[in-house]
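Residue 78 in UniProt numbering sits at position 78 of the sequence shown, and the numbers go up by one each step. By construction, the Cβ of each residue, glycine as well, lies at the ideal position given by its N, Cα and C atoms.
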Amino acid sequence: MLPTIDLQSYLLFVGAALALVLTPGPDTVFVLTQGVSAGKREGVASALGVSTGVLVHTAAAALGLAALLRASALAYAAVKYAGAAYLLYLGATTLWRGDDLDFAERASADARSVPTTGSDLRGGYVRGVTVNVLNPKVALFFLAFLPQFVGSGSEATAEMLALGGTYAVLTALYLGTVGLLSGGVRSAFRARPRLADGLRWVSGSVLVGLGAALALESR
């Protein structure tokens with residue numbers, strides 16, 4: 001049975017969701033760095049991964065799993081530090097992988113529309129899912145945000161899932177655009193190896209910064 005959401009409430013939700021989605025945050029920065037460092041296809045793949053993470057958080061909120069993070073300081077800390085460690089790992093591998101030539105060559109391949117391998121796209125997608133799912137702040141956000149737009153009847157869970165799906169679609173459209181545009185920036189550096197190297201360091205430093213910020217922030 002499909003949920004019946006009041007049109008006025010749904011439009012109010014879409015407006016609020018758009019305002020939140022379009023506000024730059026850690027997910028935007030992550031997709032931006034992925035597009036810049038790996039190309040537009042992987043940027044879009046990471047955007048789809050983040051959007052899938054939104055669906056995971058929606059399901060967790062609808063089924064009451066996210067409430068465990070709010071109730072348990074230990075569970076919250078475990079997820080937070082796992083997410084921070086993963087971001088630090090991504091940043092470190094970007095900074096010290098020592099493949100400056102490969103970075104420039106891949107940018108040139110982007111410009112020639114050389115197909116990206118399936119493993120590259122899967123890697124970008126998995127990174128997007130992991131970064132989003134391992135951010136407990138996102139889980140608590142959906143736990144607090146979605147119930148404001150649903151009723152208290154038997155359809156509440158289905159309505160939350162429908163609203164979360166809408167939020168995921170909006171996220172995919174916005175972050176997918178970010179991934180495409182950031183990949184274009186990367187292609188501009190294909191003939192400038194030194195600039196490409198600098199761009200790699202910036203991307204890695206941003207990921208390390210995101211990981212440190214997540215580890216240090218309070219609930």
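Top-ranked residue by Cα proximity to residue i, from the options
i	options	result
G165	G151, L146 and G176	L146
T58	V202, V208 and F141	F141
R186	V31, G128, G151 and S154	V31
G176	Y10, G25, S51 and L11	S51
L48	W201, A162 and V133	V133
G53	M160, L22 and Y167	Y167
V126	Q148, G204, Y86 and L63	Y86
V138	D120, A66, A62 and L22	A66
Residue i: first and last residue of the uninterrupted alpha helix (DSSP H) it sits in
i	result
D27	P26 to A38
T94	A73 to W96
S218	That residue, S218, is in no alpha helix (DSSP H); it is neither H nor E in DSSP.
L22	Counting along the chain, L22 falls outside any alpha helix (DSSP H), and DSSP gives it neither H nor E.
Exposure of residue i, with buried meaning 16 or more beta-carbon neighbours within 10 Å
i	result
A71	exposed
G43	buried
Q8	exposed
Q34	buried
D99	Caution is warranted here: a pLDDT of 47 is assigned to D99, below 50, making its placement in the model unreliable, and the coordinate value is therefore given only provisionally. Label assigned to D99: exposed.
G198	exposed
residue 259	Missing from the structure shown is residue 259; the chain here goes from 1 to 219 and no further.
P136	buried
T171	buried
D6	exposed
Y89	exposed
residue 220	Because residue 220 is not part of the residues shown, which for the chain are 1 to 219, the question remains open.
T28	buried
A213	exposed
E159	buried
G211	buried
R194	exposed
Sequence ranges, alpha helix (DSSP H) only - wholly within the segment 126-204, length at least 4 = 136-145 and 156-187
Are there three or more Cβ pairs, one per stretch, closer than 8 Å when the segment 9-19 is compared with the segment 82-97?
-> no
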